[in-house]
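Trainee: Using this note's numbering, you'd call the opening residue of the sequence shown number 20 and step up by one each time. From the three backbone atoms N, C-alpha and C, an ideal C-beta is built for every residue, glycine too. What follows is a single structure, and I will ask about it in a moment.
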Amino acid sequence: MTIPMTYAPDVQAALDAGNPIVALESTIITHGMPYPQNVETARLVEADVREAGATPATIAVMNGTLHIGLTDAELDSLAQAQNVAKLSRADIAACIATGGTGATTVAATMIAAHLAGIHVFATGGIGGVHKGAETTFDISADLNELAQTPVTVVAAGAKAILDLEKTYEVLETNGVPVIAYGQDSLPAFWSATSPLPAPLRMDSAADIADAHKMRGLMGLPGGQLVANPIPSDAQIPAETLAPIIGQALSEADAQGIAAKSVTPFLLGRIFELTNGASLTANIALVRNNARLAAQIAGAM
Ligand code: PSU
Ligand code: MN
């Protein structure tokens, strides 16, 4: 038995030539943004990676095959598909083995990128410790993955719907380097800064690439989280968002939204409650992360 994996032709060519590649996830397409902005964003992000000198590899499971890089038609069909599975470490192998189709979260994308020999991955925001986790135990598998799979993930921090303090505590406990890019505080997804000081700060892609390689040389498992602030002209002030996040959270609670549905529900409600402004900011930050990830992949 082998892993049914297929590489897009340009990704295969980049792997053969040793050229830089940036992995991209697909849950942000199927569960993070509405159609058609999801597919438009996915295409823009791929173009941003190319313009910055790397090859994009959007990752998904389609009909039991793990795709490393999607064609335009595959991207479009995934973006329009209904009821696609949201795959993490727990279910990606079962989905492949049973011929299923699913979008990969940060955790599952890291697993696939590592299998494919890709070291850098760009997304919007990682999952983390949800508010109220002391009773729900809802902690994203993304945090465990960062602790064990050697991929550098570029994100705008953890999503601001989360308990950011607890999220960064768990990352610290698990030995995950959290590197703020170009500033001393941690970004908070839709906002460029937060009151939380960054555990590490780096100002160049080369330093981030060297830190990744040094962990490998030292035999330290796991990846790195690069927390890249949203461009300041695209950010939404945290004070503006706080009551909206609060409302979305209480609605989720009242409606009994749980497990995998929590993050998509909250992102969807915040989109509605901000009249689409949260999506505009989300698109800007993902594109910004894609450009930095391409530079890091180049430096590696
Ligand atoms: N970043 C975004 N939008 C998203 C996500 C990331 O800008 O929708 C997805 C990622 O796939 C991440 C997931 O892994 O949300 C976290 O889900 P959960 O909290 O259920 O682990
Ligand atoms: Mn969860």
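Have a look at ASP229 and MET319 and give me their C-alpha separation to the nearest angstrom.
Mentor: Each residue's Cα considered, the two are about 7 Å apart.
Trainee: Tell me which residues share the same chain as ASN82 and place their Cβ nearer than 7 Å to its Cβ, disregarding the 5 neighbours each side in the sequence.
Mentor: The residues are GLY118 and THR120.
Trainee: Does the beta carbon of VAL329 fall short of 7 Å from some heavy atom of ligand 1?
Mentor: Nothing in the structure corresponds to residue 329, since the chain is present only between 20 and 319.
Trainee: Would you check if the distance between the CB atom of ILE87 and the CB atom of LEU43 is smaller than 8 Å?
Mentor: In this structure, LEU43 does not lie closer than 8 Å to ILE87 by Cβ.
Trainee: So is GLN314 buried or exposed if we call it buried at 16+ other beta carbons inside 10 Å?
Mentor: Label assigned to GLN314: buried.
Trainee: By the 10 Å Cβ neighbour count, where 16 or more other Cβ atoms means buried, how is GLN274 classified, buried or exposed?
Mentor: Exposed: under 16 other Cβ atoms inside 10 Å.
Trainee: Straight-line CA distance for ALA57 to ALA98?
Mentor: Note that residue 57 is Asn in the sequence shown, not Ala. Roughly 7 Å between the two C-alpha positions.
Trainee: How big is the Cα-Cα spacing for MET233 and ALA296?
Mentor: So the alpha carbons of these two residues sit roughly 40 Å apart.
Trainee: Here's the rule I'm using: 16 or more other beta-carbon atoms within 10 Å means buried, otherwise exposed. How should GLU258 be labelled?
Mentor: When all chains shown are included, GLU258 counts as exposed.
Trainee: Figure out for me which residue from ASP157, GLN101, VAL68 and ARG220 has the closest Cα to the Cα of PHE140.
Mentor: Among ASP157, GLN101, VAL68 and ARG220, the Cα nearest to that of PHE140 is on VAL68.
Trainee: Smallest Cα separation from ASN193: which of THR168, ASP182 and TRP209?
Mentor: The shortest Cα separation from ASN193 among THR168, ASP182 and TRP209 belongs to THR168.
Trainee: Considering only residues of the same chain and omitting the five flanking positions on each side of MET24, which have a CB-CB separation below 6 Å?
Mentor: Cβ within range, chain order: LEU85.
Trainee: Is the CB-CB distance between ALA126 and ARG108 below 8 Å?
Mentor: Yes, they are a contact pair.
Trainee: Can you tell me whether DSSP reads MET81 as helix, strand or coil?
Mentor: If DSSP states are grouped into helix, strand and coil, MET81 belongs with the strands.
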